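Input: a single structure, listed below in C-alpha cells.
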Amino acid sequence: MASLQPVRGTHDLLPDDMRRHQTVVDRIRRCAALYGFEEMATPIFEFTEVFSRTLGETSDVVSKEMYTFERSGDHITLRPEGTAGICRAFISNGLAQQVPFKAFYQGPMFRYERPQKGRQRQFHQVGVELLGIESPQADIEVLALAAQFLDTLGLQGQVTLEINTLGDSASRTAYRDALVAYLMPFHDQLSEDSKTRLEKNPLRILDSKDEGDRKIIANAPVFSDSLNDASLAFFEAVKQGLDALGIAYTVNPRLVRGLDYYCHTAFEFTTTALGAQGTVLAGGRYDGLIQSMGGTPTPGIGWAAGVERLAMLVDGVPDKARPIALIPMGDAAEALALPLANQLRRAGLPVDMAYGGAMKKRMKRANTVNARVAVILGDDELARNEATVRDLDSGEQSAVALDGLVQALTALG
RNA sequence: GCGGGUAUAGCUCAGUCGGUUAGAGCACCUGGUUGUGGUCCAGGGGGUCGUCGGUUCGAAUCCGUCUACUCGCCCCA
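Numbering-wise (my numbering), the first sequence opens with residue 63 and increments by one.
Next comes the structure, spelled out in C-alpha cells:
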C-alpha cells in the first residue's frame, strides 16, 4: 500500500454520492423494464482476447487503456466496456436460440486513462444491448429508450442527440478508400495525430480538432456519397422513426465512433456542461461483432452511458427516508424500546435509536438524521402506558397509548 | 502519453515583503437547560501548511522533486 489515498482515478462513493449514483441506476432500470430489457451481469474481467479482438487492436482502449494481468498463464483484463462481455455471454450460453435478446446491465468499468472531471479509471456504466434484430426498428427502440431514460432524469434541455451512419461494410470500405485517396496528397500537412490516424483509423480524422486538419477535411469526400442504396434506406428508416416519435436529433456526418465494431447507426447524446467530457450516452449498431467472436451471425445494437457523468448533471436527487427517532429515558424505557424498535422496523418503518447519551444529545441526533418525529419514552409515560410523540418540524407533542403506537406512526405515512 | 493550473483544520477558504504561538466561517464536542432538537450565548478539541529535498539566521511563503486533484490535447461514458 503506497498511502491511504485511493488508487489514482478511483473514488469512494460515500452515502450521499451513492444515493445520487443509485438514482441514475434506478431510473434506467425502470425504463429498461418498460422496453422489455432484462437486467443481467457478466464478470468484470474476461480473457483479454474478448476485448482486444472485438474493439480493434489499434483502438486507444485496447492499445493503451486496458488493465491486464496474467494468472496461471491466462491473460485477463478488467472490462473497459460492457458490450464485448454481453456478446461473449450471448455466445457462451447459446442464446442465439432466444433472439431477440434484450439485456440491460450496469456496473464498474476500468480504463487506464489520465483522470479528469467526469473521467475516472474506475467508473460506472449503464447500458442496453438488443441482439438479433436486423431491422431499423431495433435502432429506433433503443434510441427511444435512451431518450426516455434521459428525460426521466430531467435532462431533456441539457443534452442533444447527434446521429450518423457508418453504412454497411461495403459502403464503409468504399468510403475509407476514397478518403485515404483524398488525404494522401496532404499527408505532410496533417497533424501528427492525424498522420497516425491515416494508417490506423482514417475516419477519425474527420473528427479532428486541429485547425489545419479541418481545412483539409472541409473538401474531403462526403460519406453519404459512398453509401449504397441499402445503407441509405436503413438510415432513412431510422430518422423517420425518430421523427415519428418526436425525438429531436441532428445529423452529424463527422460523428465516428472509436471502436471497430460499429456499422450503420452511430449516435451520441452530448452536453456542454461537463467540459471536455461532453458525451454522456453513446452507442451504435454492431452487426458483425458476434460473428467475429465466433458466434452465429447475429446483428446487434446498443448503447452505454456514464453513471458519474449523468450523476453530475442530475439535480433533485430524492432525500433519504426520514426515520422515527426512539428516545428512551432510563432502564425501564430502554428495555421497552428495543422490542418497540424491532416492531416498528418489522412494520416497515425506519427507526433511528441513539446508542446512549442524555436526552438532549439524543434529540440532537434525531435532528441530524432528519427524523420526522421523536418518540419519547420516560418513567412518566410508562406509568401511563403512553409515549410522547413530538413532531420535529412543528414542535407539537402529543401523548399516544403504547398499544396504538405502531398504528399511529404507520399512519404518518 | 503531452501541455497549463492548484494543494493550509472534516468542508469552503484567508494568511501582507520570508519573521517568532498559522486564522475565519461551517461542521464537531462541552456548558448555559437533572426530560426536549433545529435559533441564541459562552467555552473547547482538531494542522507534519500534500511529499521529499534545497536556499536562508529564519520557509505555509522562494527553488527543485514526487504524488494527488484540476483544465485542455489524445481518446472516451
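Using N, Cα and C, we set each Cβ at its ideal position, and we do this for glycine too.
Predicted, not measured: the structure shown is a model, and the values here were computed from it.
Within 10 angstroms of its Cβ, does residue i collect 16 or more other Cβ (buried), or is it exposed?
i	result
GLY419	exposed
PHE163	buried
MET246	exposed
LEU402	buried
ASP275	buried
ARG536	Nothing in the structure corresponds to residue 536, since the chain is present only between 63 and 475.
ARG371	buried
ARG347	buried
ALA64	Since pLDDT at ALA64 reaches only 44, below the 50 mark, its modelled position is unreliable, and the value read off the structure follows with that caveat. The residue is exposed, with fewer than 16 neighbouring Cβ atoms inside 10 Å.
TYR417	exposed
LEU76	exposed
PRO142	buried
GLN159	exposed
How many angstroms separate the CA atom of residue i from the CA atom of residue j?
i	j	result
ARG70	THR85	26 Å
ARG150	MET355	8 Å
ARG424	GLN405	20 Å
GLY475	ARG446	26 Å
ASP349	ALA338	30 Å
ARG434	PHE172	41 Å
GLY392	ARG452	18 Å
VAL413	VAL431	10 Å
ARG266	GLU175	19 Å
GLU443	LEU464	9 Å
SER154	ILE279	43 Å
SER270	THR222	20 Å
LEU289	SER233	5 Å
THR72	TYR129	13 Å
GLN459	LEU304	57 Å
GLY466	PRO105	50 Å
Return the Cβ separation of residue i and residue j in integer angstroms, given the expectation that the two are a contact with Cβ distance under 8 Å.
i	j	result
TYR167	ILE148	6 Å
VAL342	PHE331	5 Å
ILE309	ALA461	Not confirmed; about 58 Å, so no contact.
ALA344	PHE329	7 Å
LEU351	ASN226	The Cβ separation is near 18 Å, so there is no contact.
VAL87	VAL369	7 Å
ILE90	PHE285	That pair is no contact at about 31 Å.
GLY364	LEU215	With 8 Å as the limit, GLY364 and LEU215 do not qualify as a contact, their Cβ atoms being about 19 Å apart.
Since residue i is in the beta strand (DSSP E), which residue starts that stretch and which ends it?
i	result
LEU268	Careful: LEU268 lies outside any beta strand (DSSP E) and carries neither H nor E.
MET415	413–415
PRO390	386–390
GLN302	First-last for GLN302: 291–307, but that is the alpha helix (DSSP H), not the beta strand (DSSP E).
ARG347	341–347
PHE185	184–193
PRO170	163–172
Need the endpoints of the alpha helix (DSSP H) that residue i sits in, please.
i	result
PHE331	Unbroken run through PHE331 is the beta strand (DSSP E), 325–332; no alpha helix (DSSP H).
LYS262	254–262
PHE113	110–117
ARG133	Segment 129–133 is the beta strand (DSSP E) holding ARG133; no alpha helix (DSSP H) there.
The segment 232–246 / the segment 386–397 touching (three or more Cβ pairs under 8 Å): No, because fewer than three Cβ pairs between the segment 232–246 and the segment 386–397 fall closer than 8 Å, the two stretches do not touch.
At least three beta-carbon pairs within less than 8 Å, the segment 178–189 to the segment 100–120: Two segments are said to touch when three or more pairs of C-beta atoms, one from each, lie closer than 8 Å; by this definition the segment 178–189 does not touch the segment 100–120.
The segment 251–265 in contact with the segment 296–313 per 3-pair CB rule at 8 Å: The answer is no - the segment 296–313 does not touch the segment 251–265, with fewer than three Cβ pairs under 8 Å.
Cβ contact check for the segment 84–104 and the segment 199–207: 3 or more pairs under 8 Å: Yes, since at least three Cβ pairs between the segment 84–104 and the segment 199–207 fall closer than 8 Å, the two stretches touch.
Segment contact flag, the segment 76–90 with the segment 365–384, C-beta cutoff 8 Å, min 3 pairs: A contact exists between the segment 76–90 and the segment 365–384.
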